[in-house]
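Participant: The structure follows.
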Amino acid sequence: MSQAQEQEKWLLSGWERSQYDDEPRESLGIIINIDRVVVVTGVSSGIGYAVAKALVAHQCHVFGSVRKEADAKRLQGEFGDFYTPLIFDVTDEAAVHKAAAEVRSRMKGHTLLGLVNNAGIHVGLDATADLPLAKLKKQLDVNLVAQVSVTQAFLPLLGTDLTLSGNPGKILNMSSIYGSYTLPFSTAYSASKAGLNAVSEGLRRELKPFGIDVVIIAPGPIDTEIWEDVVENAESTKGKSPFDTFVQKAHALAQTETKKPGWFLSPETIGEKVWKVLNTSSPAVQYVITPNWWLNWFGPTFFPRHLVDKEVTRRFGLHRPLKRGSISSAKEE
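Okay, here's the thing in structure tokens:
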């Protein structure tokens, strides 16, 4: 098949593509409904996978980014015609723009329904005083800088290119409830999500003339692999830091809390919410989706900060002043 024929397949209707039935259907990536095309980053697992699955179930065509060829093939096999893999790392600016050019070539002058900036990491729990700057830079590079890079690359397809046909698209940024408040020893993660919130707010206002909505999705604890990263990415200072005992307590608390019934929501909850937001004519600025609403959201964000400080420091064993010359009082907690 020639390159021209290969490109033309993407916009064929169901009956027209019958001539290609001798080819594996999952390899075609045919865009059946040009008004329902969404780009989602980080779809190999977790929230991104749940979002892609929900959109495909509603017959959206998903251009989903993964970093590994094996994940691309697995998702093609599962989602079939409604999924086209984009293989790139969100921190690779050149690869991101190459992917955007590929999507543009297949959209045939039409806008996207949406961009879901989902790819993200958690570099682990560290006292800010001991946080390796390399880890901080990695956290911000993936969760903040890369989100701006991806957004810049796909903005023309969302409607800043006024020559395209179709309605303006929406940008959904996957933030976190922890972008609005910060728990001890999770400064890097919260900084990245707070930064993403700031970017979202600025973009929302800047893109108003183009009709492009920018929406913050703020999940609370969701049952994904990122919680495993919180523990696995821990770095011990081997007793050299006065914060060691406190950080160990934070890890123990995280492991205990995450085993409690009802602590997590399922990723599928986020997937369905994303579908609904993409199809809402006047979406809210932010959607908070969390279990334990009072504990995880209302209390930390609406109560006076000094009261929140008291409760949070008590939970993490940080409420009692240390005696000068000793950290033994911390070990007694």
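Just so you know, we're using our numbering here: the sequence shown kicks off at 1264 and counts up by one.
Using N, Cα and C, we set each Cβ at its ideal position, and we do this for glycine too.
In this text, all values refer to a predicted model and were calculated from it rather than measured experimentally.
Can you tell me which of Leu1388, Leu1420, Ser1504 and Thr1532 puts its alpha carbon nearest to the alpha carbon of Ala1313?
Facilitator: Thr1532
Participant: Just the C-alpha distance for Thr1564 and Thr1445, rounded to the nearest angstrom, thanks.
Facilitator: 10 angstroms
Participant: Leaving out five residues before and five after Asp1237 in sequence, what residues of the same chain have Cβ atoms less than 6 angstroms from its Cβ?
Facilitator: A query on residue 1237 cannot be resolved here, the shown segment of the chain reaching from 1264 to 1596 and no further.
Participant: Here's a check: name, in chain order, each residue in its chain whose Cβ is nearer than 8 angstroms to the Cβ of Asp1285, leaving out the five neighbours to either side.
Facilitator: Its pLDDT being 39, under 50, Asp1285 is placed unreliably in this model, and the value from its coordinates should be taken loosely. Nothing meets the Cβ criterion.
Participant: Tell me whether the stretch 1574 to 1590 and the stretch 1442 to 1457 touch, counting them as touching only if at least three CB pairs, one residue from each stretch, are closer than 8 angstroms.
Facilitator: yes
Participant: Just the C-alpha distance for Phe1417 and Pro1554, rounded to the nearest angstrom, thanks.
Facilitator: 32 angstroms
Participant: Does the stretch 1332 to 1340 come close enough to the stretch 1400 to 1413 that 3 or more CB-CB pairs lie under 8 angstroms?
Facilitator: no
Participant: Rounded to whole angstroms, what's the CA-CA distance from Val1510 to Lys1536? Just pull it up for me.
Facilitator: 34 angstroms
Participant: In angstroms, rounded to a whole number, what distance separates the CA positions of Ile1434 and Phe1342?
Facilitator: 23 angstroms
Participant: Could you tell me which residues DSSP pairs with Thr1347 in its beta bridges?
Facilitator: Phe1326
Participant: Below 8 angstroms CB to CB, which residues in the same chain sit around Tyr1550 once its five sequence neighbours on both sides are set aside?
Facilitator: Val1478, Ile1479, Ile1480, Ala1481, Lys1536 and Val1540
Participant: Pick helix, strand or coil for Leu1378, following the three-state DSSP scheme.
Facilitator: strand
Participant: For Pro1287, I'd like the list of residues in its chain whose CB is within less than 8 angstroms of its CB, leaving aside the five on either flank, ordered along the chain.
Facilitator: Low confidence applies to Pro1287: its pLDDT is 36, below 50, so where it sits in the model is not reliable enough to give any reading.
Participant: For Ala1362, which of helix, strand or coil comes out of DSSP?
Facilitator: helix
Participant: Just to confirm my understanding: we take Asn1436, look at its own chain, exclude 5 residues before and 5 after, and list those with CB closer than 6 angstroms. What are they?
Facilitator: Asn1380, Leu1459, Ser1463 and Ile1479
Participant: Where His1582 and Arg1299 are concerned, what is the direct C-alpha to C-alpha distance, given to the nearest angstrom?
Facilitator: 52 angstroms
Participant: Does the beta-carbon of Arg1468 have 16 or more other beta-carbons within 10 angstroms, so that it is buried, or is it exposed?
Facilitator: It counts as exposed.
Participant: On a CA-only basis, which of Pro1431, Gly1525 and Phe1473 is nearest Leu1376? Give me that one, please.
Facilitator: Pro1431
Participant: Using the C-alpha atoms, what's the distance from Ala1392 back to Gly1340?
Facilitator: Their backbone Cα atoms lie some 46 angstroms apart in a straight line.
Participant: Tell me whether Lys1331 sits in a helix, a strand or coil according to DSSP, three-state version.
Facilitator: Coil, per DSSP.
Participant: Grouping DSSP H, G and I as helix and E and B as strand, with all else coil, what is Arg1578?
Facilitator: helix
Participant: Ordered along the chain, which non-local residues of its own chain (more than five positions away) have a Cβ less than 6 angstroms from that of Ser1443?
Facilitator: Closer than 6 angstroms at the Cβ level, and outside the excluded window around Ser1443, lie Thr1564.
Participant: Find the nearest neighbour of Phe1326 within the set Ala1320, Ala1382, Phe1345 and Ile1310, judged by alpha-carbon distance.
Facilitator: Phe1345
Participant: Residues in its own chain within less than 6 angstroms of Ala1320 by CB, not counting five upstream and five downstream?
Facilitator: none
Participant: In or out: Pro1530 buried (at least 16 other Cβ within 10 Å) or exposed?
Facilitator: By the neighbour-count rule (16 or more Cβ atoms within 10 Å), Pro1530 is buried.
Participant: Taking 8 angstroms as the threshold (C-beta atoms), are His1373 and Ser1428 in contact?
Facilitator: The Cβ-Cβ distance between Ser1428 and His1373 falls below 8 angstroms.
Participant: Just how far apart, CA to CA, sit Thr1354 and Asp1476?
Facilitator: 24 angstroms
Participant: Can you grab the Cα-Cα spacing for the pair Ala1317 / Ala1397, in whole Å?
Facilitator: 36 angstroms
Participant: For the beta strand (DSSP E) holding Asn1436, just list the boundary residues, first then last.
Facilitator: Note, Asn1436: beta strand (DSSP E), Lys1433 to Met1437.
Participant: If we count the other Cβ atoms within 10 Å of its Cβ and call it buried at 16 or more, is Phe1506 buried or exposed?
Facilitator: buried
Participant: Using the rule of at least 16 other Cβ atoms within 10 Å of the residue's Cβ for burial, across every protein chain shown, is Asp1389 buried or exposed?
Facilitator: buried
Participant: Please identify the residue among Gly1534, Trp1556 and Leu1420 whose C-alpha is closest to the C-alpha of Arg1369.
Facilitator: Leu1420
Participant: Reducing DSSP to helix, strand and coil, say where Tyr1550 ends up.
Facilitator: strand
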